[in-house]
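First to last, the sequence lines map onto chains D and Z. Start counting the first sequence at 659; every next residue gets the next number (our numbering). Start counting the second sequence at 659; every next residue gets the next number (our numbering). Note sheet for the following structure.
2 protein chains.
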Amino acid sequence: MSTIKVAINGYGNLGRGVEKAIAHAKDMELVAVFTRRDPESVTTQGAPVVSLDDVDAWADKVDVVVNCGGSATDLHVQTPIIAKKFNVVDSFDTHAKIPEHFEEVNKAAEGGSNLALISGGWDPGFFSLLRVYGAAFLPESDVYTFWGPGLSQGHSDAVRRIEGVKKGVQYTIPVEEARQRILGGEHAELTVREKHERVVYLVAEDGADKDKIRDEIVNMPNYFDEYNTTVNFISDAEFDAEHTGMPHGGDVIRLGKTSEGVQHVIHFNLKLDSNPEFTGSVLVACARAVVRMNAEGAQGAITLFDVPPAKLHPATPAELRAHML
Amino acid sequence: MSTIKVAINGYGNLGRGVEKAIAHAKDMELVAVFTRRDPESVTTQGAPVVSLDDVDAWADKVDVVVNCGGSATDLHVQTPIIAKKFNVVDSFDTHAKIPEHFEEVNKAAEGGSNLALISGGWDPGFFSLLRVYGAAFLPESDVYTFWGPGLSQGHSDAVRRIEGVKKGVQYTIPVEEARQRILGGEHAELTVREKHERVVYLVAEDGADKDKIRDEIVNMPNYFDEYNTTVNFISDAEFDAEHTGMPHGGDVIRLGKTSEGVQHVIHFNLKLDSNPEFTGSVLVACARAVVRMNAEGAQGAITLFDVPPAKLHPATPAELRAHML
Numbered sequence: 659m660s661t662i663k664v665a666i667n668g669y670g671n672l673g674r675g676v677e678k679a680i681a682h683a684k685d686m687e688l689v690a691v692f693t694r695r696d697p698e699s700v701t702t703q704g705a706p707v708v709s710l711d712d713v714d715a716w717a718d719k720v721d722v723v724v725n726c727g728g729s730a731t732d733l734h735v736q737t738p739i740i741a742k743k744f745n746v747v748d749s750f751d752t753h754a755k756i757p758e759h760f761e762e763v764n765k766a767a768e769g770g771s772n773l774a775l776i777s778g779g780w781d782p783g784f785f786s787l788l789r790v791y792g793a794a795f796l797p798e799s800d801v802y803t804f805w806g807p808g809l810s811q812g813h814s815d816a817v818r819r820i821e822g823v824k825k826g827v828q829y830t831i832p833v834e835e836a837r838q839r840i841l842g843g844e845h846a847e848l849t850v851r852e853k854h855e856r857v858v859y860l861v862a863e864d865g866a867d868k869d870k871i872r873d874e875i876v877n878m879p880n881y882f883d884e885y886n887t888t889v890n891f892i893s894d895a896e897f898d899a900e901h902t903g904m905p906h907g908g909d910v911i912r913l914g915k916t917s918e919g920v921q922h923v924i925h926f927n928l929k930l931d932s933n934p935e936f937t938g939s940v941l942v943a944c945a946r947a948v949v950r951m952n953a954e955g956a957q958g959a960i961t962l963f964d965v966p967p968a969k970l971h972p973a974t975p976a977e978l979r980a981h982m983l
Numbered sequence: 659m660s661t662i663k664v665a666i667n668g669y670g671n672l673g674r675g676v677e678k679a680i681a682h683a684k685d686m687e688l689v690a691v692f693t694r695r696d697p698e699s700v701t702t703q704g705a706p707v708v709s710l711d712d713v714d715a716w717a718d719k720v721d722v723v724v725n726c727g728g729s730a731t732d733l734h735v736q737t738p739i740i741a742k743k744f745n746v747v748d749s750f751d752t753h754a755k756i757p758e759h760f761e762e763v764n765k766a767a768e769g770g771s772n773l774a775l776i777s778g779g780w781d782p783g784f785f786s787l788l789r790v791y792g793a794a795f796l797p798e799s800d801v802y803t804f805w806g807p808g809l810s811q812g813h814s815d816a817v818r819r820i821e822g823v824k825k826g827v828q829y830t831i832p833v834e835e836a837r838q839r840i841l842g843g844e845h846a847e848l849t850v851r852e853k854h855e856r857v858v859y860l861v862a863e864d865g866a867d868k869d870k871i872r873d874e875i876v877n878m879p880n881y882f883d884e885y886n887t888t889v890n891f892i893s894d895a896e897f898d899a900e901h902t903g904m905p906h907g908g909d910v911i912r913l914g915k916t917s918e919g920v921q922h923v924i925h926f927n928l929k930l931d932s933n934p935e936f937t938g939s940v941l942v943a944c945a946r947a948v949v950r951m952n953a954e955g956a957q958g959a960i961t962l963f964d965v966p967p968a969k970l971h972p973a974t975p976a977e978l979r980a981h982m983l
């Protein structure tokens with residue numbers, strides 16, 4: 659069997675995570691990295707670097723593109739464009755805009771007879787799968803999602819935009835007492851503040867007004883004002899030693915019943931040392947499924963909800979039945 | 659949209675669990691209970707009871723049959739027979755014989771242009787899904803399954819076959835220390851004895867030799883000899899008050915890495931008050947998927963590995979994308 663030829667579009671943290679994941683997949687091969695930067699400025703682990711302006715020439719040499727841009731500014735533009743020429747996978751994670759993104763990508767992919775999987779990763783992605791299976795298997799139920807402990811990119815960006823902040827990260831932490839109440843089977847109604855807290859570590863510029871920075875953070879609308887937030891000022895050295903990883907994770911917990919007094923708890927937890935590496939690894943499995951399903955005739959946009967799990971794994975269905983069922 | 663018409667084949671604990679689950683599914687309707695017993699002797703919550711000898715007449719009135727017999731003696735015979743005439747779902751759980759059962763059922767279902775899903779439930783079933791997703795998303799990893807705390811039907815049957823035992827149940831208990839080692843990220847190699855212990859509660863016949871019973875249990879080959887087993891003799895009254903439920907559950911834990919020193923833990927846990935009610939609820943979702951996939955042309959045998967998750971849930975794909983992704 660020939661290997662699946664993959665291109666990575668966008669070579670940031672996620673792109674490098676995808677690159678590592680492809681190296682673990684014996685049935686797949688990285689053939690190019692697409693970039694909107696000057697290709698000369700990008701150094702990969704070996705794959706050729708191609709300007710986004712020149713990717714059309716790669717249409718016959720690539721089975722699937724993994725789009726590794728950000729949801730906020732890149733993917734809603736890039737995925738429809740790529741989908742016209744290539745099978746494609748993205749990790750679009752702006753939940754409210756998923757239906758709109760799906761329609762755009764669907765139109766583009768169908769026009770090109772390609773298949774595009776959007777919103778792969780862990781949330782949306784693996785967490786979403788657990789939400790659907792749980793709801794299907796236990797219809798009379800409530801679902802609770804906790805995020806963290808983990809680094810939130812959006813909240814870290816918000817902290818870094820504040821005047822006087824040199825470096826900053828924000829960790830989202832589930833409130834353990836709330837988590838245990840749900841795990842214990844209590845269908846609790848929890849406010850935003852009761853479910854998660856936020857912890858910031860930052861390095862201030864010399865002479866910056868720390869009280870003003872702290873005030874600005876804890877009162878920031880949408881990002882922090884509805885949470886209990888702790889702001890820690892630390893040194894450059896401590897920041898570099900302790901806060902350059904990108905851990906994340908969380909819980910999907912479903913509580914339900916099948917008859918009066920008969921309760922069930924479905925609990926799913928992820929603890930990820932590196933959010934981009936795990937997300938990249940999920941995207942590579944999605945890329946495998948997309949190539950297989952497109953070869954069988956599937957076109958347009960899909961999500962993980964539409965993918966038979968066996969398509970994600972390199973083994974044959976018979977091997978999976980024999981060893982994993 | 660017309661409702662999906664379901665028949666239950668076999669009206670024991672699992673059959674009653676399926677009956678309850680269908681009552682929670684607005685898009686489904688129980689139209690008959692098939693039985694090999696005298697139909698006059700079976701009282702359902704309202705559905706007509708039909709002798710297994712007469713089910714051919716129901717071929718046009720039933721969209722899918724849920725086979726609720728046991729794996730040991732019933733399903734390997736019954737599922738191929740039913741699959742010739744009906745779409746069918748079963749919970750065949752003799753792991754070693756799944757490939758053989760799959761082939762038999764596949765032949766029968768294809769011959770009848772029907773679709774048959776085998777080995778639905780939670781293990782095999784929901785646990786299997788987590789094993790495949792985990793292996794696909796994290797190829798460099800080890801997986802650990804713990805079962806329990808929960809009542810094991812096979813081990814309880816084995817206890818009850820011993821002379822002098824009037825009533826008996828066996829609980830499988832994961833060894834918490836071992837579980838915590840794995841959850842803590844240690845790729846431990848654990849023996850059978852280190853992973854699970856077995857606890858038996860039984861009522862002895864009057865005058866029975868309790869030491870002999872205990873010896874016979876703890877030394878029983880395959881069932882108990884490789885485990886630490888505790889045998890508790892209790893009264894009839896305590897047995898009836900405390901040990902007539904059928905709780906179960908367990909853990910699927912996957913430890914893996916995406917690059918040197920970058921670890922991830924995927925943890926899935928089920929706590930089920932009633933094994934047959936939860937299993938029944940999963941089978942009903944599988945039945946929904948089977949009817950939808952057969953209507954789209956799928957025939958032969960499948961497992962949950964072949965089912966796009968969206969097919970299991972009553973909502974439309976667009977609704978699922980908007981609310982669960």
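Even glycine gets a Cβ: it sits at the ideal position worked out from N, Cα and C.
Tell me the DSSP bridge mates of residue i?
i                      : result
residue 687 of chain Z : Z:663
residue 774 of chain Z : Z:746 and Z:959
residue 873 of chain Z : Answer is none; residue 873 of chain Z lacks a bridge partner.
residue 910 of chain D : D:803 and D:926
residue 868 of chain Z : None, per the DSSP bridge assignment.
residue 886 of chain D : D:855
residue 915 of chain Z : Z:921
residue 692 of chain Z : Z:667 and Z:708
residue 780 of chain D : D:783
residue 808 of chain Z : Z:830
Have a look at residue i and residue j and give me their C-alpha separation to the nearest angstrom.
i                      : j                      : result
residue 679 of chain Z : residue 932 of chain Z : 12 Å
residue 916 of chain Z : residue 699 of chain Z : 58 Å
residue 749 of chain Z : residue 803 of chain Z : 19 Å
residue 890 of chain D : residue 860 of chain D : 6 Å
residue 840 of chain D : residue 911 of chain D : 7 Å
residue 719 of chain D : residue 674 of chain D : 21 Å
residue 935 of chain Z : residue 914 of chain D : 12 Å
residue 801 of chain D : residue 822 of chain D : 40 Å
residue 954 of chain D : residue 854 of chain D : 44 Å
residue 864 of chain Z : residue 893 of chain Z : 11 Å
residue 825 of chain Z : residue 877 of chain Z : 19 Å
residue 660 of chain D : residue 937 of chain D : 25 Å
residue 805 of chain D : residue 696 of chain Z : 54 Å
residue 752 of chain D : residue 760 of chain D : 12 Å
residue 787 of chain Z : residue 731 of chain D : 34 Å
Do residue j and residue i count as a contact pair if the criterion is CB distance below 9 Å?
i                      : j                      : result
residue 727 of chain D : residue 668 of chain D : yes
residue 921 of chain D : residue 812 of chain D : no
residue 830 of chain Z : residue 797 of chain Z : no
residue 927 of chain Z : residue 923 of chain D : yes
residue 940 of chain D : residue 721 of chain D : no
residue 790 of chain D : residue 754 of chain Z : no
residue 907 of chain Z : residue 929 of chain Z : yes
residue 851 of chain D : residue 885 of chain D : yes
residue 710 of chain Z : residue 746 of chain Z : no
residue 708 of chain D : residue 716 of chain D : yes
residue 970 of chain D : residue 947 of chain D : yes
residue 742 of chain Z : residue 769 of chain Z : yes
residue 713 of chain D : residue 744 of chain D : yes
residue 688 of chain D : residue 681 of chain D : yes
residue 817 of chain Z : residue 833 of chain Z : no
residue 978 of chain D : residue 784 of chain D : no
Could you give the residue range of the alpha helix (DSSP H) that holds residue i?
i                      : result
residue 936 of chain Z : 933 to 953
residue 813 of chain Z : 811 to 818
residue 978 of chain Z : 975 to 981
residue 758 of chain D : 756 to 769
residue 753 of chain D : Segment: none, residue 753 of chain D is in no alpha helix (DSSP H) and carries neither H nor E.
residue 735 of chain D : 734 to 741
Tell me the residue span of the beta strand (DSSP E) that contains residue i.
i                      : result
residue 829 of chain Z : 823 to 832
residue 855 of chain Z : 854 to 862
residue 893 of chain D : Element bounds for residue 893 of chain D: n/a, residue is neither H nor E.
residue 927 of chain D : 920 to 930
residue 725 of chain D : 722 to 725
residue 707 of chain Z : 707 to 709
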